[in-house]
Amino acid sequence: MLDALRTGSWLTPARARAYPVLLVAVFVVGIIAALATANGMIDTTGRPLGSDFSMLWATGQSVRDGDPALPYDLARFANLQRRIFGAETPILGWHYPPYFLAVAALVATLPYISALLVWQGATLALYAATIYRILPDRWVVMAALGFPGVIINIGHGHNGFLTAFLLGGGLLALDRRPWVAGVFFALLAYKPQFAIVLPIALLADKRYIAFVSAAIGVAAITLVSVWVFGVQSWLAFRTSLDFTRTIVLEHGSTGWQKIQSSFAAVRGLGGSIELAYAVQGAVTIAVVVGVGWLWHSKSNRRLQYAALIVGALLATPYVLDYDMVVLAPALAFLLAHGRDLGFRPWQKTLMAVVYVAPFVTRMVAEATLVPLGLLAMLGLFAMVIGRAWGDLRQRTAAASASHA
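So for the sequence shown, this note's numbering puts the first residue at -6; every next one is plus one.
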């Protein structure tokens, strides 16, 4: 048994194909059941279908009504949500920069259910296309669709597919079309917490064109957002950050079991805010150093890309279980690398653990306080760095032998 886990032989080709198909079937049945049992926009639990999508759609309504700053005022935004979804609806905060107001306004042009289906369907297609470009194998795409992070993201009506597309697509474009890659990275500014390691990687590998393109892109969309939504929207966003930091992050109003960061793990275990920041700071520094070294060392591109994606999630104190769908491109890069150059001991099993983690991490944290999602991501990041270090030592030894 232990040897099977070490070699990954337990994950036979037949199992690797069958498990995702079963998961996709379960997901489809669950989605159909949720739609069939809903009362209009509201599911059987009394929440809007698509959960967090409700705040995106409500924000879009306020933008279309000419009040783009409203979502940053929680009291006014709460009243809007109750007016749309009913007095008993759970209240959600809007924490995105004004860039994302444009997307909200766009989806709000459709009725709620139609908007939810189009939003999830369109971004899911972009996600699947990204995986196919990384590794053009229909069974790999099926595995990506069966990835539990997919149903977690769909259940929340969230934007993880879009994030995976922008990050994965930008990395795929980096070698041949660095200007395009920079545009993709600039559009990630709607989730700025995931951009901590990106500039470090680009500079470490001297990807100056992509870096400049991203900087210009961020400046451009900032100016456009000010022009379209007014400077007041940015001032309101700035004011709302204190609430986001203190209530949502530091005091865990979202729920520690949902947040997959080192910060949340410490807080969930009873640690102080100061200790949580210290631990998160140490993890972030370690991740930045690891990604910077890996990109500077000219390691295999697929290892670089996988480390950056995983590192982007580890470096921020605020990453939720539905954000873990972004790990799919990282797993695809590692699978492509392993198929070409072989898998190291325990690698397949660790990748399988990461694959399953989004489905169980919240339940495990609620029952035991063990941050399984965080531990899985830390293990995957360490594995990628270790693989790159081992490859570098082999190349160095081979070069020394050739000159002996």
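Where a beta carbon is used, it is the ideal one built from N, C-alpha and C, also for glycine.
Check, Outcome
"Under three-state DSSP, which class holds N152?", "coil"
"Whole-angstrom Cβ separation of Y89 and W50, contact assumed at under 8 Å?", "Contact flag wrong, Cβ pair sits at about 13 Å."
"Would L239 be called buried (16 or more neighbouring beta carbons within 10 Å of its own) or exposed?", "Residue identity differs from the one stated: residue 239 is Thr in this sequence, not Leu. Exposed, since its Cβ has fewer than 16 Cβ neighbours within 10 Å."
"In three-state DSSP terms, what is L313?", "strand"
"Less than 8 Å between the beta carbons of I124 and P322, yes or no?", "yes"
"Between F256, F336, L373, S233, which has its C-alpha nearest P91's C-alpha?", "S233"
"Just to confirm, is the Cβ distance from L128 to L160 under 8 Å?", "no"
"Does DSSP put I189 in a helix, a strand or coil?", "coil"
"Taking the DSSP output, what are the residues bridged to I35?", "N32, P41"
"I'd like the list of long-range same chain contacts for L138, defined as Cβ closer than 6 Å, with 5 residues on each side in sequence excluded.", "V17"
"Using the C-alpha atoms, what's the distance from R386 back to Q113?", "44 Å"
"Can you tell me which of the three DSSP states I84 falls into?", "coil"
"Residues bridged to I252 by DSSP?", "L313"
"From R126 to E267, what distance separates their C-alpha atoms?", "43 Å"
"Which ranges does the alpha helix (DSSP H) cover as unbroken runs of at least 4 residues, wholly within the segment 61 to 127, from first to last along the chain?", "67 to 78, 94 to 100, 105 to 127"
"Does DSSP classify P6 as helix, strand or coil?", "helix"
"So what does DSSP say about N293, is it helix, strand or coil?", "coil"
"For K341, which three-state DSSP category applies?", "helix"
"Using a Cβ-Cβ cutoff of less than 7 Å, which residues in the same chain neighbour L343 once the five nearest sequence positions on both sides are dropped?", "G372, L373, M376"
"Would a C-beta distance cut-off of 8 Å place V211 and A179 closer than the cut-off?", "yes"
"Taking contact to mean at least 3 C-beta pairs separated by less than 8 Å, is the segment 302 to 320 in contact with the segment 276 to 283?", "yes"
"Taking A7 as the reference, which of D45, T30, L94, V133 has the closest Cα?", "V133"
"DSSP state of L362, grouped into three classes?", "coil"
"For G366 versus A345, is the C-beta distance shorter than 8 Å?", "no"
"Under the assumption that V100 contacts G33 (Cβ atoms under 8 Å), give the Cβ distance between them as a whole number of angstroms.", "V100 to G33, Cβ: 18 Å. No contact."
"Any idea if L448 is buried or exposed, counting beta-carbon neighbours within 10 angstroms, 16 or more meaning buried?", "Past the boundaries of the shown model lies residue 448; the chain is included only from -6 to 397, so the question cannot be answered."
"Apart from the five residues just before and just after F222, which ones in its own chain have a Cβ nearer than 6 Å to its Cβ?", "P61, P91, L94"
"Pull up the distance between the alpha-carbon of E81 and that of G150, whole angstroms please.", "19 Å"
"With three or more beta-carbon pairs closer than 8 Å as the criterion, would you say the segment 331 to 343 touches the segment 181 to 190?", "no"
"Could you check which residue in I209, A299, V259 has the C-alpha nearest to that of A275?", "V259"
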